[in-house]
Amino acid sequence: MKDREIIKLLESRSGKQKAISLIIDRYQEQTYWHIRSIVIGHDDSKDILQEVFIRVWKNLGSFRADSKLSSWIYRIATNESLRFLNRKVKIDQRKEYLGDMLRHDEASGGAELSGKEVELKLKSALIELSDSERIVFNLRYYQELGYREIAEILEKRENTLKVTYHNAKRRIEEIIKREI
Amino acid sequence: MKKIGRGFEVSEDFFDRSKIDILDRIEKEEKRKMFKFRSIVKYSAVAMIALVIGLGAGGFMSENSRAVDNEEMVLSQLDDSEDEDIISDDELMLSQFDESEIIDLIMSDDELFETVF
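Chains D and R, in that order, give the protein sequences.
Sequential numbering of the first sequence, starting at 159, is according to my numbering.
Sequential numbering of the second sequence, starting at 4, is according to my numbering.
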């Protein structure tokens, strides 16, 4: 079923239940990974994920069908994740906090099972980036979204995003080279 | 088995359980919303009834005060009429007294005249 058809379901009360169920099936996983790449910790990501879909549920009526449903959900997820981080820790202590979360994740077995050393290094490098660099890098590199869609999600200009992505990539390369 | 994404991982059934949790929360939110809506309707109805009763009581009170006003008016009118009666009685008495007195005086004057002359 296409997003447009899911949106059509919203016109009836019983359809709204079905619509949210389909939306969760379709977007829950990628939304979770997006949140996880911003806040790192699993428990926090799980809570934020729930908040995101509660918001989606509450605001489905005001969703504009001319924009993509996935972009809209990514935008809510990004805002919720940043709101969480801002509430939890100050910007200048962000790297330290995310580093702790990453070490906790590795200690609980996450890193061993997910395997590759490069992946580990990349994760470590990501927490060195600013929030905006990390978010743009995640959406472009992992989610493979086009600049146009990222611009729609983050409400930024495409050129600004290109520069941000380029800077993020350069910094990651530097960090990885430094650690080898 | 674990699910892996972006170097992170979660248990295989995480997303199934998560979906149940989300739908459960949505249901609770809906119930809370319905409860809130019902409360608003209920309180509005109570407020409306209170207003109607209040207006009714206000109307009754004003009727009562009007009745009291009427009663006071009747009483005052009665008082006035009694006063008028008393006054008119007094005037009658006075006029009767005057007449008898004058007659008496005339009579006594005549008698006196008769006795002198």
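Note that CB positions come from ideal geometry on N, CA and C, so glycine has one too.
What you are looking at is a predicted structure, and each value in this text was computed from that prediction instead of being measured.
Closest in alpha carbon position to SER21/R, among LYS176/D, ILE206/D, ILE164/D, ALA177/D, is ILE206/D.
Listed along chain R, no residue sits closer than 9 Å to HIS262/D by beta-carbon distance, the nearest being about 12 Å off.
For GLU12/R, the enclosing beta strand (DSSP E) starts and ends at 11-14. Residue-level contact by beta carbon fails for PHE295/D and chain R, as no gap is shorter than 7 Å.
Residue burial is scored here from C-beta neighbours: GLN251/D has fewer than 16 other C-beta atoms within 10 angstroms and is therefore classed as exposed. Contact of LEU26/R with chain D by beta-carbon distance below 8 Å involves ILE178, SER179, ILE182.
Under the Cβ criterion of 7 Å, GLU169/D is not counted among the residues facing chain R. Collapsing the DSSP output to three states places GLY61/R in a helix.
Rounded to the nearest angstrom, the Cβ distance from LEU303/D to LEU312/D is 10 Å, too far for a contact under 8 Å. Under a criterion of Cβ atoms nearer than 8 Å, the residues of chain D adjacent to GLU32/R are, in order, ILE212, TRP215, LYS216.
Listed along chain D are ILE178, ILE212, TRP215, each with a C-beta nearer than 7 Å to that of ILE29/R. Residues of chain R whose Cβ lies closer than 7 Å to the Cβ of TRP230/D do not exist, since the nearest Cβ in that chain is about 17 Å away. Note on the region 200-227 of chain D: there is no whole beta strand (DSSP E) run with a minimum of 3 residues.
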